[in-house]
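Residue numbers (our numbering), protein chains in the order written: chain A, 1 to 333; chain B, 334 to 666.
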């Protein structure tokens, strides 16, 4: 295993130390229980938004903590759910009294631990709501997941709900908005290579040199099928078809097209993917009015991509455009 | 070779099509000769800044085209210098009459082709200055380079000179500033893995599973030595020592610390590198007042890192902080 680390057990702790040192203007980090929070939290008269999950998907979620997005993020060990005490402590630190929304990706450990955390917060008199993101159309059930997995729509929900919270919306409003983003978002991904979890020390899965994993999960969970490597354009067609037909999106819909790199895929390839995805979207009558291209939800050094479509409207578009100031996404500030 | 491409010969063209489709608010792309330019160029009464080089290092340079940074970028084939007609056409497109600065990384092909372009522009009556960046302390001469290679300081120069040009400085002032950034910046990198150039189809170099290339170039050029993989902290010590001692930086100096990923290195590892690099800088008495952490100068999917230190002062710091709006770097706008 070749990694720029000191020891597998210190990866997350040391990375967080480096992260807060680099971005002290934006974030603070607490350890034991561990969470990243906005430097200026709690923000008065604002619903707090917290997400979290296993580490190894950076910049998700810690890179999205800041003005206009998340108030806190709870990182677990690599590819391992954070524990309820992390979310409980984070909620206590960032809730200004207007309540907290937990945005949870649909993996069994995350769902259970966020639910336990919500119970603890409520028992303490806190107001908390949870929304589970399950936008991955690849498979129905999967390793670690009942139902669909939560992937790309998660960060779109974090951005959009963050803007709504910043604008003063209530907890119920921000929760409903998060459910709407999840309902209107669909994703699918594929991998060219596996990744290696530091404390495991060997690749999560084996993939022959001429094969790809189609519909892969962000922890390397199996997808729909293995197949021979194909040209990028064919891969994009195969990713877009189930995304577009699942919602279903309708001709004339305005959409956000998010092309994500899984970590080891060069930017130049992501633009090749974006080019074709845009063409397929147009052919389906969709109007791509917003986009995001980059490695935002990663699986360590995995090579591959995922595509997310989100149906936009007069409510969602201005919230997407609203200013955001985090280490991984920033505009308008 | 596993890549998300259609064919090696179309990689750059298709990526540029995707890039301009994604960022039409910021950039325009011209083909044959090929360059990326600011959507609003030429910008009146402003020195134009152009850079370029082989593709495969994204987001450098195309990702830095926009307000407050580059007016144009000329991409060659992967790891291959752009041709003089590209820089000539780009200069014609973006020069508002106040002259053009060419920022050139020190590789033999780039230096020759940018120089030829400068001659062509001058023959046409244009005002043009060139600055060659050679900040890599790893080796004296290298494959494709006489003298030191140009690496991390390049984008710092692009940002800082871009801000100065935006503020109305003259061509001579912006040129001098670029030379100063180069004089005050030092870099060094290392690789855990090779990368594969699409039209070559096999890894640029072979590296045993337990070895690293110390002092690697951004095209996979040999560095100082090969050695066994070490813990990240030891690698950082070994990268920082020649950087700090070369200038030499002095105790009390304010510096910008730039930790760069070469493409295949997860963000979590870059923060582990940053954490230690900051510690080493502090131990040397340096005051890290600005930083940049991310994959900004890449070598396709190569795993590895480079560290750049830039000595700051009352002139450089405000220019670094000035607003920038490009697809890869944006703040304050």
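By construction, the Cβ of each residue, glycine as well, lies at the ideal position given by its N, Cα and C atoms.
Compare the C-beta of residue i with all C-beta atoms of chain B and state if any pair is closer than 8 Å.
{"i": "residue 107 of chain A", "result": "no"}
{"i": "residue 260 of chain A", "result": "no"}
{"i": "residue 245 of chain A", "result": "no"}
{"i": "residue 321 of chain A", "result": "no"}
{"i": "residue 155 of chain A", "result": "no"}
{"i": "residue 229 of chain A", "result": "yes"}
{"i": "residue 209 of chain A", "result": "yes"}
Can the beta-carbon of residue i be found less than 8 Å from the beta-carbon of residue j?
{"i": "residue 407 of chain B", "j": "residue 385 of chain B", "result": "yes"}
{"i": "residue 106 of chain A", "j": "residue 150 of chain A", "result": "yes"}
{"i": "residue 23 of chain A", "j": "residue 327 of chain A", "result": "yes"}
{"i": "residue 382 of chain A", "j": "residue 20 of chain A", "result": "Residue coverage of chain A in this structure runs from 1 to 333, which leaves residue 382 of chain A outside it and unanswerable."}
{"i": "residue 427 of chain B", "j": "residue 464 of chain B", "result": "no"}
{"i": "residue 55 of chain A", "j": "residue 68 of chain A", "result": "no"}
{"i": "residue 298 of chain A", "j": "residue 58 of chain A", "result": "yes"}
{"i": "residue 559 of chain B", "j": "residue 544 of chain B", "result": "yes"}
{"i": "residue 488 of chain B", "j": "residue 629 of chain B", "result": "yes"}
{"i": "residue 496 of chain B", "j": "residue 372 of chain B", "result": "no"}
{"i": "residue 587 of chain B", "j": "residue 620 of chain B", "result": "yes"}
{"i": "residue 256 of chain A", "j": "residue 329 of chain A", "result": "no"}
{"i": "residue 233 of chain A", "j": "residue 186 of chain A", "result": "no"}
{"i": "residue 338 of chain B", "j": "residue 399 of chain B", "result": "no"}
{"i": "residue 99 of chain A", "j": "residue 171 of chain A", "result": "yes"}
{"i": "residue 592 of chain B", "j": "residue 411 of chain B", "result": "no"}
{"i": "residue 335 of chain B", "j": "residue 213 of chain A", "result": "no"}
Are the C-beta atoms of residue i and some chain A residue less than 8 Å apart?
{"i": "residue 360 of chain B", "result": "no"}
{"i": "residue 473 of chain B", "result": "no"}
{"i": "residue 600 of chain B", "result": "yes"}
{"i": "residue 526 of chain B", "result": "yes"}
{"i": "residue 465 of chain B", "result": "no"}
{"i": "residue 568 of chain B", "result": "yes"}
{"i": "residue 606 of chain B", "result": "yes"}
{"i": "residue 553 of chain B", "result": "no"}
With a threshold of 7 Å (Cβ to nearest heavy atom), would residue i be considered close to the ligand ZN?
{"i": "residue 484 of chain B", "result": "This structure does not include the ligand ZN; it has no bound ligands of any sort."}
Could you name the residues of chain B that residue i contacts, counting a contact when the two beta carbons are closer than 7 Å?
{"i": "residue 232 of chain A", "result": "337, 338, 339"}
For a contact meaning CB atoms closer than 8 Å, what does residue i contact in chain B?
{"i": "residue 189 of chain A", "result": "Result: empty, since nearest Cβ-Cβ is about 12 Å, beyond 8 Å."}
{"i": "residue 263 of chain A", "result": "597, 599"}
Strictly below 9 Å CB to CB, what residues from chain B border residue i?
{"i": "residue 330 of chain A", "result": "663, 664"}
Less than 8 Å between CB atoms is the rule here; does residue i satisfy it with respect to chain E?
{"i": "residue 115 of chain A", "result": "The question asks about chain E, but that chain is absent: this structure's protein chains are A and B."}
Practice task
Pull out every residue of the region 611 to 645 of chain B whose Cβ sits closer than 7 Å to any Cβ of chain A, in chain order.
Solution key: 611, 624, 626, 631, 633, 634, 636, 638
Problem - Short-range partners of chain B found in the region 157 to 182 of chain A, where Cβ spacing is below 7 Å - result: none
Practice task
For the region 6 to 21 of chain A, enumerate the residues whose C-beta is nearer than 8 Å to any C-beta of chain B, in chain order.
Solution key: 6, 7, 11, 12, 14, 15, 16, 17, 18, 19, 21
Practice task
Mind the definition here: the region 33 to 46 of chain A touches the region 83 to 90 of chain A only if three or more C-beta pairs lie below 8 Å; say whether that holds.
Solution key: yes
Practice task
Mind checking the region 368 to 391 of chain B against chain A and listing, in chain order, the residues whose C-beta falls within less than 8 Å of any C-beta there?
Solution key: 388, 389, 391
Exercise for the section: Please determine if the region 127 to 147 of chain A and the region 174 to 185 of chain A are in contact, where contact requires at least 3 C-beta pairs separated by less than 8 Å. Expected result: yes
Problem - Contact between the region 629 to 648 of chain B and the region 521 to 538 of chain B (3+ Cβ pairs under 8 Å) - result: yes
Problem - Cβ contact (3+ pairs, closer than 8 Å) linking the region 597 to 606 of chain B and the region 34 to 49 of chain A - result: no
Practice task
Inspect the CB distances between the region 601 to 617 of chain B and the region 448 to 463 of chain B and report whether three or more fall short of 8 Å.
Solution key: no
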